[in-house]
Amino acid sequence: MYGNDIPGLLGEVEAAEVALRAAADRQVGGREQAELGGAEQSQAYFDAVIDADQKVEPRDWMPDSYRKTLIRQIAQHAHSEIIGMQPEGNWISRAPSLKRKAILLAKVQDEAGHGLYLYAAAETLGVSRDELVNLLLEGRQKYSSIFNYPTLTWADVGAIGWLVDGAAIVNQVPLCRCSYGPYARAMIRICKEESFHQRQGFEILHTLAHGTQGQRAMAQDAIDRWWFPSLAMFGPPDTDSTHSEQSMAWKIKRFSNDDLRQRFVDMCVQQAGVLGLALPDPDLRWNEERGAHDYTQPDYEELMRVIKGDGPGNRQRMAHRRRAHADGAWVREAAAAYAKKAKP
Ligand SMILES: [Fe+2]
Ligand SMILES: [Fe+2]
2 MYGNDIPGLL
12 GEVEAAEVAL
22 RAAADRQVGG
32 REQAELGGAE
42 QSQAYFDAVI
52 DADQKVEPRD
62 WMPDSYRKTL
72 IRQIAQHAHS
82 EIIGMQPEGN
92 WISRAPSLKR
102 KAILLAKVQD
112 EAGHGLYLYA
122 AAETLGVSRD
132 ELVNLLLEGR
142 QKYSSIFNYP
152 TLTWADVGAI
162 GWLVDGAAIV
172 NQVPLCRCSY
182 GPYARAMIRI
192 CKEESFHQRQ
202 GFEILHTLAH
212 GTQGQRAMAQ
222 DAIDRWWFPS
232 LAMFGPPDTD
242 STHSEQSMAW
252 KIKRFSNDDL
262 RQRFVDMCVQ
272 QAGVLGLALP
282 DPDLRWNEER
292 GAHDYTQPDY
302 EELMRVIKGD
312 GPGNRQRMAH
322 RRRAHADGAW
332 VREAAAAYAK
342 KAKP
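Numbering (the numbering used here), first residue to last: 2 to 345.
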């Protein structure tokens, strides 16, 4: 039953980790000149680092637009981890057994940890976590739209783990090779944990699919509702993707939205077979010529609506986050007062 290892993905994370270490031991020449020289030398050194597949580090010179793109992307990623705790947190008190509750608690806690690694990675670019949190609370920065969908039954916790965490890994494994060192390093740890999340979702669905008729129907219903929103997690089609080209050139992004989406579809078809559950797409079939599955695209107009704030749960998610932030004010104040007192 655990034969659901995401084919090759964890191996890719390990290879990325080895490559990171190797890159840290090499240096392209020209660093000293870049530090002493003007804008031209700095840009040349930056380009050489990207070309040589080495990592840009916090103290290195980098183009402003590279810095801004990374701040936007890492912050959006961090916010998604934090808001993403809500749909599943909704089920912690109603998990069907103590074991399920303990697993779900650990999973949701991991997501909080992911948020923290990512805020820390963003801070190395010269913004503070406070600033980023405020941008989220003011609605000026986004989080992944998937978390605006409701979790109606226990099976949704399984579907989120299998499909949403599954899509997250497919998206994030290439980020382990991102050109910005702190982001790449954070992603390695995150991907390893996401792989556990994906398996726990798969295992919940597998149990339900082999339970009573009612449980099986509940599992199928959850997959029916989460399938297309999960496909939308890869973003708009390549033809409409605004940030992609430059991000590819900077080696922040390594594969296009459509390539990653295709990889996810192919992976899920095989795993749905093991689960014995159906994917809700009558046009899903193997295309011998392309060596990949043909499938129905998600509703991108719906994606745009949810991104703009009009999804089924946008208001509720933001209201909850604002309330939680206000409720936690005393903890932040107490920690700051303690830190001040503890300073020699
Ligand atoms: Fe996560
Ligand atoms: Fe996760």
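Each residue gets a CB set at the ideal place from its N, CA and C atoms; glycine is no exception.
Ends of the beta strand (DSSP E) at residue i?
i: Ser131; result: Per the sequence shown, residue 131 should be read as Asp rather than Ser. Careful: Asp131 lies outside any beta strand (DSSP E), inside the alpha helix (DSSP H) at 130 to 138.
Compute the distance between the beta-carbons of residue i and residue j, then report whether it is under 8 Å.
i: Phe256; j: Pro299; result: no
i: Leu304; j: Ala250; result: no
i: Ile72; j: Ala113; result: no
i: Ser145; j: Ile170; result: no
i: Ala156; j: Asp222; result: yes
i: Ala79; j: Leu133; result: yes
i: Ala17; j: Ile253; result: no
i: Ala35; j: Trp62; result: yes
i: Met86; j: Val57; result: no
i: Asp239; j: Asp259; result: yes
i: Trp227; j: Ala160; result: yes
i: Met219; j: Thr152; result: no
i: Glu82; j: Leu126; result: no
i: Leu261; j: Asn172; result: yes
i: Ala168; j: Cys177; result: no
i: Tyr46; j: Arg32; result: yes
i: Ser98; j: Leu164; result: no
i: Tyr301; j: Pro237; result: yes
i: Val29; j: Ala49; result: yes
i: Glu41; j: Asp111; result: no
i: Arg22; j: Gln55; result: no
i: Asp166; j: Gly140; result: no
Can you determine whether any heavy atom of ligand 2 sits closer than 7 Å to the C-beta of residue i, and answer yes or no?
i: Asp157; result: no
i: Ala187; result: no
i: Ala23; result: no
i: His198; result: yes
i: Asp48; result: no
i: Glu204; result: no
i: Ala168; result: no
Assuming residue i contacts residue j under a Cβ cut-off of 8 Å, what Cβ separation, rounded to an integer in Å, is found between them?
i: Leu280; j: Leu206; result: At roughly 12 Å, the Cβ-Cβ gap does not stay under 8 Å, so Leu280 and Leu206 are not in contact.
i: Phe148; j: Arg324; result: So it is not a contact: roughly 16 Å between Cβ atoms.
i: Arg306; j: Gly314; result: Not a contact, Cβ separation roughly 13 Å.
i: Cys192; j: Val14; result: 5 Å
i: Arg322; j: Leu138; result: 7 Å
i: Ala293; j: Gln272; result: With 8 Å as the limit, Ala293 and Gln272 do not qualify as a contact, their Cβ atoms being about 16 Å apart.
i: Gln77; j: Gln142; result: 6 Å
i: Val174; j: Leu10; result: 5 Å
i: Leu105; j: Val158; result: 6 Å
i: Gly162; j: His198; result: 5 Å
i: Leu278; j: Tyr296; result: Contact doesn't hold; Cβ gap of about 16 Å is too wide.
What does DSSP give as the partner residue(s) for residue i in the beta ladder?
i: Tyr181; result: Val57
i: Arg286; result: Asp295
Mind checking whether the beta-carbon of residue i lies closer than 7 Å to any heavy atom of ligand 1?
i: Ala79; result: no
i: Ile191; result: yes
i: Glu82; result: yes
i: His115; result: yes
i: Glu15; result: no
i: Glu195; result: yes
Counting along the chain, where does the alpha helix (DSSP H) carrying residue i start and finish?
i: Pro230; result: 214 to 233
i: Gly90; result: 86 to 90
i: Gln317; result: 315 to 328
i: Ile51; result: 40 to 52
i: Gly162; result: Per DSSP, Gly162 belongs to no alpha helix (DSSP H) and is neither H nor E.
i: Met305; result: 301 to 306
i: Ile104; result: 99 to 124
i: Gln263; result: 258 to 276
i: Ser248; result: 245 to 250
i: Arg255; result: No alpha helix (DSSP H) holds Arg255; DSSP gives it neither H nor E.
i: Gly12; result: 10 to 26
Quick one: does the C-beta of residue i sit closer than 7 Å to a heavy atom of ligand 3?
i: Glu112; result: You won't find ligand 3 in this model; what it holds is ligand 1 and ligand 2.
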